[in-house]
Amino acid sequence: MREEVASCSWLLLSQDLHNSQHWQLGFLHKNLEKTLEEEVKEEMANSQGLLTFRDVAIEFSQKELRCLNHSQWELYRDVMLENYGHLHFLGLVVSKPDLVIFLEHKKDVWAVRRKETVATHPGRWK
1 MREEVASCSW LLLSQDLHNS QHWQLGFLHK NLEKTLEEEV KEEMANSQGL
51 LTFRDVAIEF SQKELRCLNH SQWELYRDVM LENYGHLHFL GLVVSKPDLV
101 IFLEHKKDVW AVRRKETVAT HPGRWK
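This is the structure we're talking about:
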């Protein structure tokens with residue numbers, strides 16, 4: 001009989017602990033969410049400044065751009081425009097960078113007219 005009482009007491013105690021743990025886990029979960037949210041807000045407040053287009057832009061030199069094939073150029077263009085779109089949606093950009101304007105209007109990097117650099121020898125006449 002003593003064993004029955006002990007096992008019954010253990011069962012009640014374990015059920016109470018189980019219910020208590022669920023309540024505690026729920027409480028901890030809400031506190032954890034609140035803590036994470038506060039931490040994110042605090043970190044944002046302590047950051048150096050707002051995110052800019054330049055922070056997420058992929059910049060290539062003219063030489064590197066010339067090395068891109070057509071599909072690579074289109075991927076570059078799409079990624080840059082998408083990055084700008086995300087920043088614009090978040091309200092983090094005030095004006096359009098020249099690069100975005102260029103990318104919106106030019107389908108292909110090779111569509112841009114480049115000036116040829118002509119070197120002439122000073123002692124030579126044409």
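The opening position of the sequence shown corresponds to residue 1 in the UniProt record's numbering, with each subsequent residue numbered one higher. Here a beta-carbon is modelled for each residue, glycine too, at the ideal position from N, C-alpha and C.
Item                                                                                                                                          : Value
Would you identify the three-state DSSP class for Gly91, choosing helix, strand or coil?                                                      : coil
Quick test of your reading: Leu92 and Leu51, contact by CB under 8 Å. State the CB separation rounded to the nearest angstrom.                : 6 Å
Pick from Glu39, Arg54 and Glu38: whose alpha carbon is nearest that of Met80?                                                                : Arg54
Starting from Leu99, trace the alpha helix (DSSP H) both ways and give me its first and last residue.                                         : Asp98 to His105
For Leu103, count the other beta carbons within 10 Å of its own beta carbon; 16 or more makes it buried, fewer makes it exposed. Which is it? : buried
Check for me: the alpha helix (DSSP H) holding Leu65 runs from which residue to which?                                                        : Gln62 to Cys67
Quick check on Glu74: does DSSP put it in helix, strand or coil?                                                                              : helix
Are the beta-carbon atoms belonging to Asn83 and Val56 less than 7 Å from one another?                                                        : yes
Just how far apart, CA to CA, sit Glu116 and His70?                                                                                           : Low confidence applies here, because Glu116 scores a pLDDT of 41, under 50, leaving its location unreliable; read the following figure in that light. Looking at the two C-alpha atoms, the distance is approximately 22 Å.
Give the straight-line distance between the Cα atoms of Ser95 and His88, rounded to the nearest whole angstrom.                               : 9 Å
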